[in-house]
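Below you'll find the structure, written out as structure tokens, and then a few comments.
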Amino acid sequence: MRKNILLSLIALISITLIFNSCKKSSSTFTVIPKDTKAILVMDLSSLLKKSDFINMKDYSFYNFMIEEVENEDKDLAVLIEDFFKDPTQSGINVFDDSFVYYVDEGEDEKFVVWTLPLKKSGKFEEWLKKIIETTDEDFDVEDKGKYKLFNIEDEVIITWNKSSVLFVIPIEQEDNLEDISEYLMTLEKENQISENADFKDFYSSKKDVSFWLDYSIISDIDEYSYYADQIDKNLSDMKLSVFIEFLDGEIRMSSLIDVPEDSKLAEIYDGKFNEDLLKYSPDKSLALISFAFSPEALKNYLTENPSFSGVNDMVEQQIGYSVEDILDAFGGSLMLNLYDFESKEVEATDWDLVYDEELGTYEYEEVIVMKNKINPLGFITFDIKDKDLFNTLINIVVETGSVEEHDNYYSFESQGFEYYFGVTDNFLFVATDKEFVDNLDNGFSSNLTNTDFGKNIKDNSYYLYANMNLNEYPEFLFEEMLENEPDAQLAFDFVNETFDYIEMKSSGKMQGQISIYLKDDSENSLKALLKSIDKLTQEVL
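Take the sequence shown: its letter number 391 is residue 386 in the working numbering, and every next letter is one higher.
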């Protein structure tokens, strides 16, 4: 079957990609339309070096793959191993870029295209023929003059010229595969992606893996166009760039949203964190989130939404304050810190099968049982400008009768645990830890103010941290999972031995960075990750 051809090609081409590298321009630009709105770029030469791919044959998962392929097709296994010895035999240019992009030519004509540069198209054709021969299919190539074409059951087309090979895969329409292939292979210079200034700016900054999205693609989709308009009226003018880079001990993903000058969305992030909140947090964390925003900008942004006025009036009728009043009462800083867990047995309702002597049958009855419950210890705080407004809102809650009032806070019980909330002169808080409310007056003696956490919170409009050292969490948190899930221990060990922590932070109004830090920072993170995967593979196989 020709479908086997595609599977064989995927196996070999995927490996081929690892040997690609990037330059400041690419021969494959000639087959990418100027109006393309979603493109993935891979600097696989860099990935080759960082993963130490030349020694990939020492990894268990590589040898397992070869054995699996060999069981199905010995000739294909030989081709793969030969390719590792000499990747240039494929005819693919291993000194240029690879792209995956989206083509939208109408309601029922949407395609994904994967393109690779060619150095010698004749050698690629010979290589393709060898792959096809392993599937016992005929090699039927159509010569279109400027390009050649191989049709795999009208489901995928492989087409190539002297400089590029394309794999054209339909999303919604299969009938026009040959037409779209001709269109891509005969693009005029003015219609090529090299003429798109926004993409060229993005491409000049690319990393190991890079992704570019024109947000107008969302407004082209009927199901999402309405919601896109609600988010921002200028959404169609926005561009997203994402860059993934493998560094020593760190996997870093940076993002940049290019917004129009008159967009109010970016102004929301133009806030400065209130440092006073830091002293009301202990200097420890398992997970932490902070955000500094402009309440005024958020209000201006929301009021542009046609449906906001109705919501604003409804809230005011219900509680006496409008959404605008509440936003004006916030200072613009919030912090959530989770730093421990507690576990205890509490009474809970359950259903049990009980024998009814009168009926002579078993019936389900509600019973009280003791169950182990886990409660996170931490808090969320918001700095405020209008203490009276929030006290009024809290009084509405207090009037329900389920809340206990204390000197400077309120508490209530739920499922055997105590929860706390209240307002001070500076902030509104909700906490699950009694230690937090005990330190309301003066703050914690050992707090976040002069820590790395504190610096990151002060320097960024938003900041997120998550500890991935699972051994630093209470044992009871994973106990049930490790006992009941056979493979849970493998996953637990993989995460705990490989990763240190995750950090997300802003570096500008519409710029952000996510970093995953690995335990081993002595070598490139991609190689360290592959070694961890290989260790996991050895334990699984």
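Note that CB positions come from ideal geometry on N, CA and C, so glycine has one too.
- Cβ atoms of Tyr334 and Leu281 come within 8 Å of each other, at about 6 Å.
- Put simply, of Thr532, Ser527 and Lys522 the residue whose alpha carbon is nearest the alpha carbon of Ile49 is Lys522.
- For Ser176, the enclosing alpha helix (DSSP H) has its first and last residue at Leu172 to Met180.
- The Cβ atoms of Ser205 and Val73 lie no closer than 8 Å to each other.
- Per the Cβ contact rule, the stretch 295 to 302 is not in contact with the stretch 471 to 483 (fewer than 3 Cβ pairs under 8 Å).
- Three or more pairs of CB atoms, one per stretch, sit closer than 8 Å, so the stretch 86 to 93 contacts the stretch 118 to 126.
- For the 8 Å CB-CB criterion, Thr532 and Ser46 do not form a contact.
- A residue is called buried once 16 or more other Cβ atoms fall within 10 Å of its Cβ, and Gly326 is buried on that count.
- Apart from sequence neighbours up to five positions away, the residues of its chain that approach Ile509 with a beta-carbon distance below 6 Å are Met248 and Met499, ordered along the chain.
- Within 10 angstroms of the beta-carbon of Leu348 lie fewer than 16 other beta-carbons, which makes it exposed.
- The closest CA to that of Ser501, considering only Asn455, Asn464 and Met365, is found on Asn455.
- Residue pairing by DSSP places Ala483 opposite no residue, since no beta bridge is assigned to it.
- C-alpha of Phe106 to C-alpha of Glu492: approximately 41 Å in a straight line.
- In the structure shown, Tyr97 adopts extended strand secondary structure according to DSSP, grouped into three states.
- Only buried fits Thr31, as 16 or more other CB atoms lie within 10 angstroms of its CB.
- Nearest C-alpha to Asp243 among Ala287, Val151, Ile528 and Leu513: Leu513.
- Per the coordinates, the alpha-carbon of Tyr198 lies some 14 Å from the alpha-carbon of Glu240.
- If you check the CB distance, Phe24 and Ile188 come in under 8 Å.
- In the three-state reduction of the DSSP assignment, Glu137 falls in the strand class, which pools E and B.
- If you keep only unbroken alpha helix (DSSP H) runs of at least 4 residues inside the stretch 271 to 299, you get 290 to 298.
- Rounded to the nearest angstrom, the Cβ distance from Phe416 to Tyr404 is 7 Å, consistent with a contact under 8 Å.
- For Ser520, there is no enclosing beta strand (DSSP E); the residue is part of the alpha helix (DSSP H) that begins and ends at Ser520 to Val535.
- With 16 or more other CB atoms across the displayed protein chains lying within 10 angstroms of its CB, Asp209 is buried.
- Bridge partners of Phe238 according to DSSP: Ser205 and Ser249.
- For the beta strand (DSSP E) assignment, the uninterrupted runs of no fewer than 3 residues enclosed by the stretch 350 to 389 are, from N- to C-terminal side, 356 to 379.
- Around the CB of Trp122, 16 or more other CB atoms lie within 10 Å, so the residue is classed as buried.
- Judged by pairs of C-beta atoms under 8 Å, the stretch 93 to 103 does not touch the stretch 60 to 68, as fewer than three such pairs exist.
- Looking from the CA of Tyr458, the closest CA among Val163, Asn156, Lys267 and Leu71 belongs to Lys267.
- It is roughly 26 Å from the alpha-carbon of Met309 to the alpha-carbon of Leu329.
- By the criterion of at least three beta-carbon pairs nearer than 8 Å, the stretch 429 to 444 is in contact with the stretch 273 to 289.
- Counting along the chain, the unbroken beta strand (DSSP E) around Ala33 starts and ends at Ala33 to Met37.
- Its chain contains Thr129 as the residues whose beta carbon lies nearer than 7 Å to that of Asp70, once the 5 sequence neighbours on both sides are disregarded; these appear in chain order.
- Between the alpha carbons of Leu331 and Glu413 lies a distance of about 18 Å.
- An exposed status is given to Asp433, since fewer than 16 other beta-carbon atoms sit within 10 Å of its beta-carbon.
- According to the DSSP assignment, Glu413 belongs to the beta strand (DSSP E) that extends over Phe412 to Val418.
- With contact defined as three or more Cβ pairs closer than 8 Å, the stretch 316 to 324 and the stretch 375 to 394 are in contact.
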